[in-house]
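Participant:
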Ligand code: CIZ
Ligand code: SF4
């Protein structure tokens, strides 16, 4: 038995004993994606968690995603295998700084991207994902709309909806590694390839794409496009799932440098240790949870 096979067999045995479910984000390591019950985006994963009767959720993703699972599943124990796996973009905004911004715009309404700490969601009117930001903002009739923290998703959403948004200077350091020249180079090498990128990419990169969409949107686009070759502008972990689910097509990462170090911290060993010791629990306190849940519920309501 190889080292990984032994680890996986130990993990699966404990998983059964603990009545756990494994939720794994699209950007996680291949071997971690392979043990998942569900692979997907942060909101989709949390919503699938609501539907299971598992007692324990092992969330292989970053901190704000485990918090979102805790907000939607308060009766379940949510474990994050590596507690230090945060999201630098989510940490670019705090509840305090958002309150200050709201004070400057007393008539505004706040939309926060799911990549935010729970305290920020609690200060927000609406939550949104990269997949539904346009739909959420379109629905709002307010004159002043604050959008935090991603200025690139915010700019993309402003352009698509034709609305002016009050933006925050947040960004994803990983997606910023993807440059226009990377797309130009790949397009000249593979002229019939389509380009799909995540809206966390720079605006000039988004402008060059055939489609700008969330990770789940990238899966859908890749399945439905008639093109056999696809250039993918997002975190490189995405390529593993794309190749696995759509083996008949060829995928090129827009940049090999687009690696999110935090997403790679949840290793198989850490999944095992978290389950063995039932440690690294993420629990959002009730007062914050209730307020944060309202912003998520309003978003889900718009999606219906
Ligand atoms: O919400 C998520 O899972 C993120 C951060 C990316 C995406 O577009 O799915
Ligand atoms: Fe945060 Fe970017 Fe990593 Fe996603 S890829 S978790 S937005 S740093």
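In my numbering, the protein residues as written are 2 to 305.
All C-beta atoms, glycine included, are put in the ideal place defined by N, C-alpha and C.
Determine the extent of the beta strand (DSSP E) in which residue 230 is found, giving its start and end residues.
Facilitator: Taken as a continuous stretch (DSSP letters only), the beta strand (DSSP E) holding residue 230 covers 230–234.
Participant: Using a 10 Å radius around the Cβ and a threshold of 16 neighbouring Cβ atoms, would you call residue 181 buried or exposed?
Facilitator: Per the 10 Å Cβ criterion, exposed.
Participant: Taking Cβ positions, are residue 197 and residue 179 nearer each other than 7 Å?
Facilitator: Going by C-beta atoms, residue 197 is not nearer than 7 Å to residue 179.
Participant: According to DSSP, residue 171 sits in a beta bridge with which residue or residues?
Facilitator: Partner(s): 151.
Participant: Touch check for the stretch 65–80 and the stretch 131–140: three-plus C-beta pairs under 8 Å?
Facilitator: They do not touch, by the three-pair rule.
Participant: Whose C-beta lies closer than 6 Å to the C-beta of residue 125 among residues of the same chain, with five residues either side of it excluded?
Facilitator: Within the same chain, residue 125 has close Cβ partners 111, 113 and 296.
Participant: Looking at residue 238: is its Cβ nearer than 7 Å to the Cβ of residue 28?
Facilitator: Contact: yes.
Participant: With a threshold of 8 Å, are at least 3 pairs of Cβ atoms found where one atom belongs to the stretch 53–70 and the other to the stretch 18–25?
Facilitator: The stretch 53–70, when compared against the stretch 18–25, does touch it at the 8 Å Cβ threshold.
Participant: Express the C-alpha separation of residue 32 and residue 50 in angstroms, rounding to a whole number.
Facilitator: C-alpha separation (whole angstroms): 21 Å.
Participant: Nearest-angstrom Cα distance between residue 159 and residue 5?
Facilitator: Each residue's alpha carbon lies about 46 Å from the other.
Participant: Could you tell me the distance, in whole angstroms, from the CA atom of residue 241 to the CA atom of residue 266?
Facilitator: If you take the alpha carbons of residue 241 and residue 266, they lie about 17 Å apart.
Participant: Confirm the yes/no value for this check: CB of residue 202, any heavy atom of the ligand COA, distance under 6 Å.
Facilitator: Judged by which ligands are present, the ligand COA is missing from the structure shown, whose ligands are the ligand CIZ and the ligand SF4.
Participant: Only counting the same chain, and skipping five residues up and downstream in sequence, which positions put a Cβ closer than 6 Å to that of residue 47?
Facilitator: Taken in chain order, the residues that qualify are 69, 70 and 73.
Participant: Determine the extent of the beta strand (DSSP E) in which residue 45 is found, giving its start and end residues.
Facilitator: Looking at the DSSP string, residue 45 is not in any beta strand (DSSP E); the run it does join, the alpha helix (DSSP H), is 43–52.
Participant: For residue 251, which residues from the same chain have a beta carbon less than 6 Å from its beta carbon, with the 5 sequence-adjacent residues on both sides left out?
Facilitator: So the qualifying residues of the chain are 230.
Participant: Excluding the 5 residues flanking residue 13 on each side, which residues of the same chain have their C-beta closer than 8 Å to its C-beta?
Facilitator: The answer, listed in chain order, is 36.
Participant: Using only alpha-carbon positions, find the residue among 194, 117 and 10 that is nearest to residue 169.
Facilitator: Per the Cα distances, 117.
Participant: Nearest by alpha-carbon distance to residue 205: which of 154, 226, 264 and 244 is it?
Facilitator: Considering only alpha carbons, the answer is 154.
Participant: Checking the sheet assignment: what are the DSSP bridge partners for residue 127?
Facilitator: Beta-bridge pairing links residue 127 to 112.
Participant: Give the list of continuous alpha helix (DSSP H) stretches no shorter than 4 residues that lie fully inside the stretch 218–296.
Facilitator: Segments of the alpha helix (DSSP H) lying fully in the stretch 218–296: 239–246 and 269–278.
Participant: Quick one: what does DSSP say residue 164 is sitting in, helix, strand or coil?
Facilitator: Residue 164 falls in the coil class under three-state DSSP.
Participant: From 185, 221 and 192, pick the residue whose C-alpha is nearest to that of residue 207; which is it?
Facilitator: Among 185, 221 and 192, the Cα nearest to that of residue 207 is on 185.
Participant: Can you give me the Cβ contacts of residue 275 inside the same chain, cut-off strictly under 7 Å, excluding the 5 residues immediately before and after it?
Facilitator: These residues qualify, in order along the chain: 59, 80, 82 and 281.
Participant: Tell me, which residues are paired with residue 18 by DSSP?
Facilitator: Residue 18 pairs with nothing; no bridge assigned.
Participant: If distances are taken between C-alpha atoms only, which option among 172, 100, 188 and 177 comes closest to residue 147?
Facilitator: It is 100 whose Cα lies nearest to the Cα of residue 147.
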